[in-house]
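Report on the following structure.
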Amino acid sequence: MTVKEIVEILEGKIIYGEDYLDREVYKACGSDMMSDVLAFVKEQAVLLTGLVNPQVVRTAEMMDIQCIVFVRGKSPDMGIIDLAEEREIVLIKTDLEMFTSCGRLYSHGLRGGSGE
Amino acid sequence: MEEVRLHYDVNAYDFTCAGEASGKLKRSLKNLGFNSAVIRNVAIAVYEAEINMVIHAEGGVIDAIITPDCITVILADHGPGIPDIELAMKEGYSTAPENVRALGFGAGMGLPNIKKYTDEMNIDTVIGVGTTITLKVYNK
Chain A
39 MTVKEIVEIL
49 EGKIIYGEDY
59 LDREVYKACG
69 SDMMSDVLAF
79 VKEQAVLLTG
89 LVNPQVVRTA
99 EMMDIQCIVF
109 VRGKSPDMGI
119 IDLAEEREIV
129 LIKTDLEMFT
139 SCGRLYSHGL
149 RGGSGE
Chain B
173 MEEVRLHYDV
183 NAYDFTCAGE
193 ASGKLKRSLK
203 NLGFNSAVIR
213 NVAIAVYEAE
223 INMVIHAEGG
233 VIDAIITPDC
243 ITVILADHGP
253 GIPDIELAMK
263 EGYSTAPENV
273 RALGFGAGMG
283 LPNIKKYTDE
293 MNIDTVIGVG
303 TTITLKVYNK
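Top to bottom, those sequences are chains A and B.
Everything in the first sequence is counted per my numbering, starting at 39 for the first residue and increasing by one.
Everything in the second sequence is counted per my numbering, starting at 173 for the first residue and increasing by one.
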């Protein structure tokens, strides 16, 4: 699934990363706890979270996660956007809730780290 | 590649910058040509340890000793020490305050995650003096 498809499926908006719309993601994880995200490595994953702070971007950086979706209409501040830009990590926001966002991506074929 | 030594300072109570040192170390390892799995293992483990330093101790220092075969990272703080290491190693056990949980940490996965992503981990802790964590990831 591409970044562009994620934006469409979640009726979202790109905050940073217009140049990376064709970037492919193969796995997804949804969590507000960054330590839980750090517990399982997923190749080329998208992270969905309702948490908005710089550690979300740093967690993505350590995990080689290249796309973050902020759910529930949350918006990152400039500090977070700058951090993502330096690391070339795509930021998307959607008004959908976490459950709905994950459900929509799942029903379009995206899977979690275990592949289930 | 000869032995490379890197040093980073971690500031106390600066949650915004927590992870800065881990990010720099990650980029250095990339420049040195290590494979992405090895780099990620080091980055995740050091990041968790760096977060711990900011949450529980008053900052600290990180030293990395890098050879072609092995990446060793020593994280030393002057925090309160860990009273019961066995308990602290249990997944889900956390003493982090509520404000830290609100930031997405304190799930009790820090030390278990460090162990999971490293080949060797040693914790040297003295109550009231500080904690030194030494971790090793072999270049495979």
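C-beta: ideal position from N, C-alpha, C; glycine also.
Keep in mind it's a predicted model, so treat the numbers as computed, not measured.
Sub-9 Å separation of residue i and residue j beta-carbons
i        : j        : result
B/Thr267 : A/Pro92  : no
A/Lys80  : A/Ile103 : yes
A/Arg110 : A/Leu134 : yes
B/Gly231 : B/Tyr185 : yes
Rounded Cβ spacing between residue i and residue j (contact assumed at less than 8 Å)
i        : j        : result
B/Ala236 : B/Arg199 : About 12 Å separates the two Cβ atoms, so there is no contact after all.
B/Leu204 : B/Ala215 : The pair is not a contact, with the Cβ atoms about 13 Å apart (cut-off 8 Å).
B/Pro240 : B/Asn294 : Contact flag wrong, Cβ pair sits at about 22 Å.
B/Thr303 : B/Gly251 : 6 Å
A/Met100 : A/Leu85  : Not confirmed; about 11 Å, so no contact.
Straight-line Cα distance separating residue j from residue i
i        : j        : result
A/Glu62  : A/Ala98  : 16 Å
B/His228 : A/Glu123 : 30 Å
B/Thr244 : B/Thr290 : 10 Å
B/Ala221 : B/Leu283 : 8 Å
B/Leu275 : B/Leu201 : 28 Å
A/Ile53  : A/Val107 : 10 Å
A/Met72  : B/Phe277 : 6 Å
B/Thr297 : A/Gly153 : 39 Å
Interface flag, residue i vs chain B, CB-CB below 9 Å
i        : result
A/Ser113 : no
A/Asp102 : yes
A/Ala83  : no
Residue i versus the options, residue with shortest Cα-Cα distance
i        : options                                   : result
B/Ile254 : B/Gly195, B/Val301, B/Lys312 and B/Lys196 : B/Val301
B/His179 : B/Asp186, B/Glu192 and B/Met281           : B/Glu192
B/Gly280 : B/Val309, B/Gly251, B/Asn224 and B/Ile246 : B/Asn224
A/Tyr58  : A/Leu134, A/Arg96, A/Cys67 and A/Cys105   : A/Cys105
A/Asp142 : A/Ile119, A/Val75, A/Gly153 and A/Leu48   : Checking the sequence shown, residue 142 of chain A turns out to be Arg, not Asp. Per the Cα distances, A/Leu48.
B/Thr306 : B/Ala274, B/Pro269, B/Cys242 and B/Phe277 : B/Cys242
B/Val210 : B/Val298, B/Met261, B/Ile299 and B/Lys288 : B/Lys288
Residue i at chain A interface by Cβ criterion, 9 Å
i        : result
B/Phe277 : yes
B/Ala190 : yes
B/Pro284 : yes
B/Ile238 : no
B/Glu133 : The requested residue 133 of chain B does not occur in the structure, where chain B is confined to residues 173 to 312.
B/Phe206 : no
Residue-chain proximity (residue i, chain D), Cβ-Cβ < 9 Å
i       : result
A/Val41 : Absent from the structure is chain D; the protein chains it does hold are A and B.
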